[in-house]
Amino acid sequence: MTRFLIRRAFWFCITIWAVITVSFILTRSVKGGPFDEGRELPPEIENTLRAKYNLDAPLLEQYADYLGGVVCRFDLGPSLKLRDYTVNEIIAETLPRSAALGLLALFFALSIGLTAGILAAVRRGSVLDGVIMTLAALGIALPNFMLAMLLVIVFVFAWPLFPAAGWGSLGHLILPAFALGAAFSANIARLARSGMLEVLGEEYIRTARAKGLKESRVVLVHALRSALIPVVSFLGPAAAGILTGSLVIERIFAIPGMGDFFVNAALNRDHTLTMGIVIVYGILVYAVNFSVDVIYTIIDPRIKL
Amino acid sequence: MWLRDRLKLILLLGLLAAPGAALIPILAGSAPERADFTFVNQCEVTSLDPAVSTAIPEGRIIMALFEGLTTLHPSTLEPQPGAAQSWEVSGDGLSYTFHLRPGLRWSDGSPLTAGDFLYSWKRFLRIAPYAYLLWHVEGGKAYHEGDLPPDGRLGLKAPDDRTFVVRLESPCPYFLNLVSFYVLYPVSRKCVEAHETGEWTKPENLVCNGPFRVRERRLKDRIRLERNPFYWDSGNVAVETIDALAVDSPVTALNLYLTGAVDWINVVPPIAIPALRDRSDFSATLNLGTNFLRFNTEREPLNDPAVRRAIHLAVDRRELVEGVLKGGQAPASSFVPPGIPGYEPPSTGSFDPPRARELMAAAGYPEGRGFPEFDLLYSTGETGRDICEVIAIQLRRHLNIRVHPASQERKVYYLSQETLDYDIALCSWLGDYLDPSTFLDVFTSGSGNNRTGWGNARYDELVRLSAAEMSPGRRADLLRGAEEILLDEAPIGVLYFRTTTNMIDPAWDGYGNNILDVHPLKHLKRSEP
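Same order as they appear, the protein sequences are chains C and R. Per the working numbering, the very first residue in the first sequence carries number 14; after that it's consecutive. Per the working numbering, the very first residue in the second sequence carries number 596; after that it's consecutive.
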C-alpha cells in the first residue's frame, strides 16, 4: 500500500511538471499577446506593463520564475487581464462553484444512469429496455449545448420551472447539471446494463435465486458489485469530460465558474490565469483517476494495489 | 468480512451522498436578495481603477463609483457640473480653472480636494493606456515619458483645496468633453497609497466619490453597488442597490431579460433583432462608431488609391445593412458618424458599380483581369463572417475580383493589423468623446491605430491645425478638409454606422438614448405609475 502511494505521488509530480511545462510552451507560442488590442497602447505604458509582469525576460527565466513560484509558494501569479485579482484569488472563488456544478452533474449521471441501466438489464427485451436504450443513444449523440438549449426552451420559457441563468440557489444548478451530466448518464446506463446482463447470467446468481432470495436482493446485493466495475472505470474519463463540458455549459447558463474564465483567459492571452487553471484541471483529473483506482481494488478483490 | 461485503454499498452511498454534502456549504448564503435594479454588464471588468481601464463595461461601473470634474447629460451629452460646480476658460483657451463644490467627500468620509485631482491626473499620465488624452496639458507628454526636465513645468496645479487649474500647450476646444470621460475620474490618494497594487480596488478597500459604492463583488457573477451617502447629490439618487451581472453570452442575457430576471440588457443578439424590433422596450440607437474596410496600402495593387476607391464603390452598403445586419444600422457616407454637434461630415460616393469598373479598368485591371486574390480578414464571429461573405459576393459580381473571407481569433486579428500582415480587414472604430478628432486622429501618419501604412502630409497638417483652432466654424472646416482627403484617398472603405441595441424594462425612467451609449446609473428612477 505504501509503495503504491509513493509511486503515485512520484508520478503526480512528474505529471504536473509536464503539464506546467507544456502549457507554458503552448501559451507562449500562440500568436497575439495580452496587450494586442484594437486600440494601441502607448509604448511607454506597454513597456511598463511588460516589465511589471516580467514578460520581457528571456523565456527560460520566466519559466523558472513561474515554476519556482508554483512549487515553493503555491503562487500562480497575477492575472494579466483582471488587474484587481491574482490567479489564486480567482481560482479560490470560482473553483468551488464549478465543483458544485460538476459534482451535481456527476450525481445525476450516476443516479440516473445506474437506475436506468439496472432497470433495462432486469427487464431485458421489454419496451422499457428499448426506451431506455434509445434515450441513452440520444443522450450520447446530442451535444450538451444543444440539450441545454432544449432544456431552456422547455423548462424556462414553455413551462417556467427554473431560472434562465445565473447562480445562487439549487434551482440555478439543476438545468446546467442535467445538461452536463446527460451524456455521461447515457454512457453509464449502457455500461451498467451490459455489466449487469453479464453478471446475471453467472452461476452464482442462479444459486442465489435457487436459495430463495428476493430478486431485489439478488440484483442489488449480489449482482451489482460486479456490474459496477465497468461503471467505475468510466468515472475517470467522465470526470474529465465533465470538466471540459463545463466550459460551454457555464457560458450558456452564466455560471460564474472556472470553465468560463478558462475560455476568456485563453482568448485574452492571460497566460498566468490560463496556466493556473490548466494546472488545477490537471490535479483534478489526476486525483479522480487515483480515486478510481483505489475504489476499483475495493470493489474487485481480484485486483491488488 | 461483514464490513468488506458492505463496503461497496457504503462506498456507493457515499458517492451519491457526497455531492449533497459538498453542495450545501457552497451554496449556503449565496443567494442574494434581488437588487433594486439589475442589468447585464457583458463581461467581468478588468479593473475598477479609472486610470487603467479602457472599455465600456468598465466605464459603466466606474461612472457609477466615481465622478469627474464634469459629467455628461444623459440625453444631450453636454458637459455638466460634476465634482466641479463651475469653471472658467481663459480667453486664449489655454487655461481652465475648475472650482470644486464645497464639502465634497470620499466614501470613507475624508474630504475630497483639488489635491486629489492633481494626484489622480499625474498618476493617469504615468500609467493610463489613455494617457495621450492629456498630451494637451503643458508638459503632459514629457511627464508621461518620464522626460520632464527638473525645471520643466507640468500644467496641473491645485492652488487651494477647491481650485484645480489646468494649463494647456495648445487650445483644445473639446477639453470639457474629455474631462467627462471616465478615465479621468479621481481616485483617493490615501486609499491608493495605503494598499498594494490591485488591492485598493477590492470592495472592502475601495474609496470612491460617486453616486454609488461597492458593497460586494463576486467574480464573474455580479458587482453589487449601493448608494453612497457621502456623495454630494446622494439625495437625488433614487436607487438603493444595483447589480451589474457579468454575463458573456448575449443569448443568455436575453433569456434573463425575457424571464424578468434583469431590468436592462445592452447587447441584443443580432439574430433576435427582427423578432424584438417592434417591442416598446427595444431601442436601436445610432452609435458613435463606424465599421469599415481597412486596406493594407503597402500591398500591391492596394497602394493605388483608384483601386481602393473602386473596391469601395463596388460594395453595396445598403444591402449589408438591410439584408445582413437588420439592426437599424445606417450605410456610411463618411468616417465620422453624424450626430456630433457643430460638425457636418463630408460625403463619399455611394454604391456605383459602373464607376467602380471604370476606375478598376483605368488602374490596369479591366473586368478584374489580372487582379490578385486577397484575403478579407475578420475577427471570428457570425456577424463578421456574414458581412464578409456578402462583400465577397458583391465584389465578385460587380468587379469580377476574388476576395476570400478569412477569420482569425481576436488577438491574432489585432496582431495582424498591427504588423501590417493582412490584405483587407473588416474593422470598426468607436469614438470616445463627442468630437471628430476622436476619429480623424486615427489616420494621422504616426498613429499606432492607423494600421494601414497610409499617410498624407496635408491630412496630418489639417488635423494638427485643427487641434489649435479655437473658432468652432474654422475648426470644423479644417476637420472636414482632412476627412475629405481621407475619403478621397480611401485607405479605408466606410461601410456602415453602428447602432447599439438596448432593452430596458419600461418600469424604469432616467435612461437616455444617446450616441455614446452612456447611461449614468445615477439618473435611474422608477417611472411614475
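Even for Gly, the Cβ is constructed at its ideal location relative to N, Cα and C.
Chain C contact residues for residue i, given Cβ-Cβ distances below 7 Å
i	result
R/Arg1005	Leu280
R/Leu1010	Lys44, Gly45, Asp49
R/Ser1122	Near R/Ser1122 there are no residues of chain C at all, since even the closest Cβ is about 24 Å away, more than 7 Å.
Beta carbon proximity, residue i to chain C, threshold 8 Å
i	result
R/Glu764	no
R/Asn1044	yes
R/Ala951	no
R/Arg971	The sequence shown places Leu at residue 971 of chain R, not Arg. No, because no Cβ of chain C sits closer than 8 Å to the Cβ of R/Leu971.
R/His999	no
R/Ser1040	no
R/Thr847	yes
R/Ala856	yes
R/Leu871	no
R/Glu1013	yes
Chain C contact residues for residue i, given Cβ-Cβ distances below 8 Å
i	result
R/Gly793	Pro91, Arg96, Asp97, Tyr98, Thr99
R/Asn891	In chain order: nothing, as chain C lies at least about 16 Å away.
R/Asp843	Arg264, Ala267, Asp273, Asn277
Buried/exposed call for residue i, threshold 16 Cβ in 10 Å
i	result
R/Val1086	Strictly speaking, residue 1086 of chain R in this sequence is Pro, with Val absent from that position. Buried is the call here.
C/Val36	Residue identity differs from the one stated: residue 36 of chain C is Ser in this sequence, not Val. Classification of C/Ser36: buried, given that the 10 Å Cβ count is 16 or more.
C/His284	buried
R/His999	exposed
R/Val1058	buried
C/Glu215	exposed
R/Gly830	exposed
R/His1114	buried
R/Val1089	buried
C/Phe87	exposed
R/Ala927	buried
C/Thr15	exposed
R/His907	buried
C/Lys65	exposed
Proximity test, Cβ basis, 8 Å: residue i and chain R
i	result
C/Arg204	The amino acid at residue 204 of chain C is misidentified as Arg; the sequence shows Leu. No, no contact with chain R.
C/Gly208	no
C/Pro269	yes
C/Thr107	yes
C/Ile145	no
C/Pro243	no
C/Phe303	no
C/Glu211	no
C/Pro55	yes
C/Ile201	no
C/Arg264	yes
C/Val169	yes
C/Ile58	yes
C/Val135	no
Within chain R, the residues that residue i reaches when beta carbons sit closer than 8 Å
i	result
C/Arg52	Thr649, Pro724, Asn1044
C/Phe37	Ordered by position in chain R, no residue passes the 8 Å Cβ test against C/Phe37, which lies about 18 Å from the chain.
C/Val165	Asn850
Amino acids of chain R, ordered along the chain, whose beta-carbon sits closer than 9 Å to that of residue i
i	result
C/Ser229	Those do not exist, as C/Ser229 stays about 13 Å from chain R at its closest Cβ, beyond 9 Å.
C/Glu215	The contacting residues do not exist; C/Glu215 stays about 17 Å from chain R at best.
Under 7 Å by beta carbon: chain R residues contacting residue i
i	result
C/Arg219	Neighbours of C/Arg219 on chain R: none; closest Cβ ~20 Å, over 7 Å.
C/Phe274	Lys815
C/Ile103	Leu814
Contacts that residue i makes with chain C (C-beta to C-beta distance below 9 Å)
i	result
R/His739	Pro55, Glu57, Ile58
contact_flag[the segment 204-223 of chain C, the segment 125-135 of chain C] where n(CB pairs < 8 Å) is 3 or more = yes
Residues of the segment 713-732 of chain R with Cβ closer than 9 Å to any Cβ of chain C, in chain order | The residues in question are Arg721, Ile722, Ala723, Pro724, Tyr725, Ala726, Tyr727.
Between the segment 796-807 of chain R and chain C, which residues of the former have CB atoms less than 8 Å from a CB of the latter, in chain order?
-> If the cut-off is 8 Å between Cβ atoms, the segment 796-807 of chain R has Thr796, Lys797 near chain C.
Are the segment 939-951 of chain R and the segment 967-983 of chain R touching, with three or more C-beta to C-beta distances below 8 Å?
-> Touching, no.
Could you run through the segment 622-643 of chain R and flag, in chain order, every residue whose CB is less than 7 Å away from some CB of chain C?
-> Leu622, Ser625, Ala626, Pro627, Glu639, Thr641, Ser642, Leu643
Could you run through the segment 63-79 of chain C and flag, in chain order, every residue whose CB is less than 9 Å away from some CB of chain R?
-> Lys65
For the segment 176-188 of chain C, enumerate the residues whose C-beta is nearer than 7 Å to any C-beta of chain R, in chain order.
-> Pro176, Ala177, Ala178, Gly179, Trp180, Gly181, Ser182, Leu183
Given 8 Å, three or more beta-carbon pairs between the segment 643-660 of chain R and the segment 733-743 of chain R | Below 8 Å, too few C-beta pairs join the segment 643-660 of chain R and the segment 733-743 of chain R to call them touching: fewer than three.
Note down, in chain order, all residues in the segment 813-834 of chain R with a beta-carbon under 7 Å from any beta-carbon belonging to chain C.
-> Arg813, Leu814, Lys815, Asp816
The segment 215-234 of chain C touching the segment 178-186 of chain C, judged by at least three CB pairs closer than 8 Å | The segment 215-234 of chain C is not in contact with the segment 178-186 of chain C.
Touch test, the segment 843-850 of chain R against the segment 656-668 of chain R, Cβ-Cβ under 8 Å, three pairs minimum | Output reads no: the segment 656-668 of chain R does not touch the segment 843-850 of chain R.
Check whether the segment 871-878 of chain R touches the segment 1015-1032 of chain R, taking contact to mean three or more Cβ pairs, one atom from each stretch, closer than 8 Å.
-> no
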